[in-house]
Amino acid sequence: MSPETAPVHFVPPRYDGASLPNLVATLEERLVGESPYPVLSAEIASRIPHGKTYVLVVMDGLGAHQLNHSAAADVAAHSVATLDAPFPTTTTVSLACLATAQPPSQHGLLGYTMHLPDHDMVVNTIRWTTLRGQATDIATDDFLPGPNTWERIRAGGSEAITVQPGHFAGSGLSRLLYRGCRFEPAQSDQELIEATMQLAVEPDRLIVVYVPHVDFAAHVHGQDHPEYAAALRTVATIWSTLAARLPHTVTLLGTADHGHIDFPRNRQFRIDAADHKDRIFYGDGRAMMVKGDGAQLATRVPATWIPISEMVDLWGPGPRHPLFTDRAPDGVLFADDGWLLLHRHANDRLIGNHGGMTPEEVGVPLLVRPTT
184 MSPETAPVHF VPPRYDGASL PNLVATLEER LVGESPYPVL SAEIASRIPH GKTYVLVVMD
244 GLGAHQLNHS AAADVAAHSV ATLDAPFPTT TTVSLACLAT AQPPSQHGLL GYTMHLPDHD
304 MVVNTIRWTT LRGQATDIAT DDFLPGPNTW ERIRAGGSEA ITVQPGHFAG SGLSRLLYRG
364 CRFEPAQSDQ ELIEATMQLA VEPDRLIVVY VPHVDFAAHV HGQDHPEYAA ALRTVATIWS
424 TLAARLPHTV TLLGTADHGH IDFPRNRQFR IDAADHKDRI FYGDGRAMMV KGDGAQLATR
484 VPATWIPISE MVDLWGPGPR HPLFTDRAPD GVLFADDGWL LLHRHANDRL IGNHGGMTPE
544 EVGVPLLVRP TT
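Numbering (the numbering used here), first residue to last: 184 to 555.
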């Protein structure tokens with residue numbers, strides 16, 4: 184992509200040593216001696232102490248810029264670097280990067296909503312439903328390539344465990360992301376903390392703890408709402424409690440899957456019904472993927488059209504997933520700064536959004552508890 188065509192404040196992810204797949208590849212290497220995928224740069228990796236077991240807390244929706252909030256002070260105090268979320272900056276894509284140590288170009292999950300030509304549909308990759316909410320019969324267990332991160336760790340003689348809210352157990356997304364990983368459900372924040380503490384006693388483990396509070400509050404209420412501040416305090420309490428109570432033989436890290444930006448109703452642009460003719464829309468409202476003519480549409484919406492030939496590397500380097508070309512769009516409408524695009528099935532009730540390539544969406548913190 185040339186500087187002339189890139190949208191304003193556009194930040195391509197760094198997949199060569201400063202991204203989420205590099206982080207998990209580094210932890211894999213620490214546990215079993217090697218990873219088949221690129222690790223963090225030596226400079227960033229040096230900020231992560233070696234441990235007998237590693238606990239990685241994934242704070243959904245807590246971008247690096249959001250650590251400036253006063254309620255996040257206890258978390259911000261342990262920030263040692265800023266990593267890049269992959270393109271697009273959305274939960275399922277980022278978590279698939281952790282599950283494989285691969286960029287999206289290689290693991291094949293290309294967006295929050297994704298066109299699957301072999302199934303002749305666009306699916307919601309969180310719920311694994313159609314955009315109308317209808318159930319699908321897509322088998323998610325083998326959607327990501329293997330062996331994945333957890334399977335490789337197990338083959339190397341260590342164990343991968345995830346601690347998650349209990350209602351995620353057995354979902355299509357959990358089956359996709361955690362094949363080969365032990366799933367420990369928690370019914371409360373306190374139970375999540377206690378389970379993590381107990382599991383971390385044993386050596387040679389990677390324990391991934393997922394906390395969704397900030398993402399939910401940012402989506403529904405926005406970052407100026409008391410509920411958002413309350414969610415930050417909850418996540419800070421989880422982090423601080425683990426930091427205080429985990430033995431120092433355990434390396435405690437934290438990160439996020441993407442950041443958030445608020446978009447009030449007057450900054451949400453609904454694409455006309457007539458413009459859906461001969462076009463398939465998917466992805467996110469900040470990076471709207473289009474099968475069909477997006478260049479002409481860009482003249483009528485607050486967005487910049489980038490054809491696939493100019494932006495394919497945003498998903499990462501090759502070798503590409505066998506179905507990458509089929510699943511990829513003809514191009515992407517990158518919403519202008521301060522704007523959100525909505526197709527006819529998109530939810531206009533969410534204030535907080537993400538998916539684009541601004542620093543606020545791409546930058547995620549690397550948190551590390553000090554060794555002393």
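We put the beta carbon where it would ideally sit given N, CA and C, even for glycine.
What does the alpha-carbon distance come out to for the pair residue i and residue j?
i	j	result
THR274	PRO195	17 Å
ARG335	PRO548	26 Å
ASP496	ARG388	33 Å
LEU425	PRO505	41 Å
ALA414	SER253	12 Å
ILE309	ALA456	25 Å
THR209	THR554	18 Å
ASP514	THR283	The sequence shown places Gly at residue 514, not Asp. Cα-Cα distance, rounded: 25 Å.
ASP324	ARG358	5 Å
LEU250	PRO271	21 Å
TYR465	ALA400	24 Å
LEU550	ASN205	15 Å
SER402	HIS192	Contrary to the premise, residue 402 reads as His rather than Ser in this sequence. About 22 Å.
THR482	PHE446	21 Å
PRO287	ALA256	32 Å
LEU245	ASP458	34 Å
ILE321	HIS431	43 Å
TRP498	MET380	36 Å
LEU214	LEU480	49 Å
LEU152	ALA383	Examination of residue 152 is not possible in this model, given that the chain is present from 184 through 555 alone.
MET472	ILE376	39 Å
GLY475	LYS460	9 Å
GLU212	SER341	11 Å
ARG503	ALA427	42 Å
Between which two residues does the beta strand (DSSP E) holding residue i run?
i	result
HIS298	296-299
PHE452	451-453
THR209	Note, THR209: premise wrong, no beta strand (DSSP E); alpha helix (DSSP H) at 203-215.
SER262	262-267
ALA369	365-369
ILE463	463-467
LEU523	523-525
VAL241	236-242
LEU550	546-551
VAL515	514-518
VAL473	470-474
Once DSSP output is grouped into helix, strand and coil, what is the label at residue i?
i	result
ASN536	strand
THR434	strand
THR508	helix
THR275	helix
TRP311	coil
ALA343	strand
ALA412	helix
GLY349	helix
THR487	strand
ILE321	coil
VAL397	helix
VAL306	strand
VAL384	coil
ALA457	helix
ASP257	helix
VAL391	strand
ASP372	helix
Name the two residues that bound the continuous alpha helix (DSSP H) containing residue i.
i	result
VAL355	Correcting the residue identity first, residue 355 is Gly in this sequence and not Val. From DSSP, the alpha helix (DSSP H) with GLY355 extends over 355-360.
ALA225	225-228
VAL495	No alpha helix (DSSP H) contains VAL495, which DSSP labels as neither H nor E.
ILE336	332-338
HIS290	287-290
Given residue i, which residues of its chain have a CB within under 8 Å of its CB, disregarding the five upstream and five downstream residues?
i	result
ALA352	PHE366, PRO368
LEU299	VAL305, VAL306, ILE321, ARG510
Using C-beta distances below 6 Å, list every residue in its chain close to residue i, excluding the 5 sequence neighbours before and after it, in chain order.
i	result
TYR237	LEU210, LEU389, THR434
ALA343	TRP333, ILE336, CYS364, LEU389
VAL556	Lying before the first or after the last residue shown, residue 556 is absent from the chain, which here runs from 184 to 555.
ALA470	PRO271, VAL515, PHE517, GLY538, GLY539
LEU239	VAL391, LEU436
THR296	VAL305, ASN307, TYR465
Tell me which same chain residues have a C-beta within less than 7 Å of the C-beta of residue i, skipping the five on either side of it?
i	result
SER277	LEU203, ALA268, PRO269, ASP440, HIS441
MET184	Residue confidence is low: MET184 scores 48 on pLDDT, short of 50, so the model does not pin down where it sits. Its coordinate-derived value is still stated next. Contacts found: ILE489, GLU493, MET494.
ALA378	VAL346, GLU367, ALA369
ALA529	GLY468
GLN285	PRO204, TYR220
GLY477	TRP488, ASP513, GLY514, LEU516
Cβ of residue i versus every heavy atom of the ligand NAP: is any distance shorter than 6 Å?
i	result
GLY468	Among the ligands in the structure shown, none appear at all, so the ligand NAP cannot be discussed.
Inter-stretch contact (C-beta, 8 Å, three-pair minimum) for the stretch 250-270 and the stretch 430-442: yes
Segment contact flag, the stretch 203-220 with the stretch 509-524, C-beta cutoff 8 Å, min 3 pairs: no
Contact between the stretch 198-206 and the stretch 222-232 (3+ Cβ pairs under 8 Å): yes
Stretch pair the stretch 449-465 + the stretch 395-411: three plus CB contacts closer than 8 Å: no
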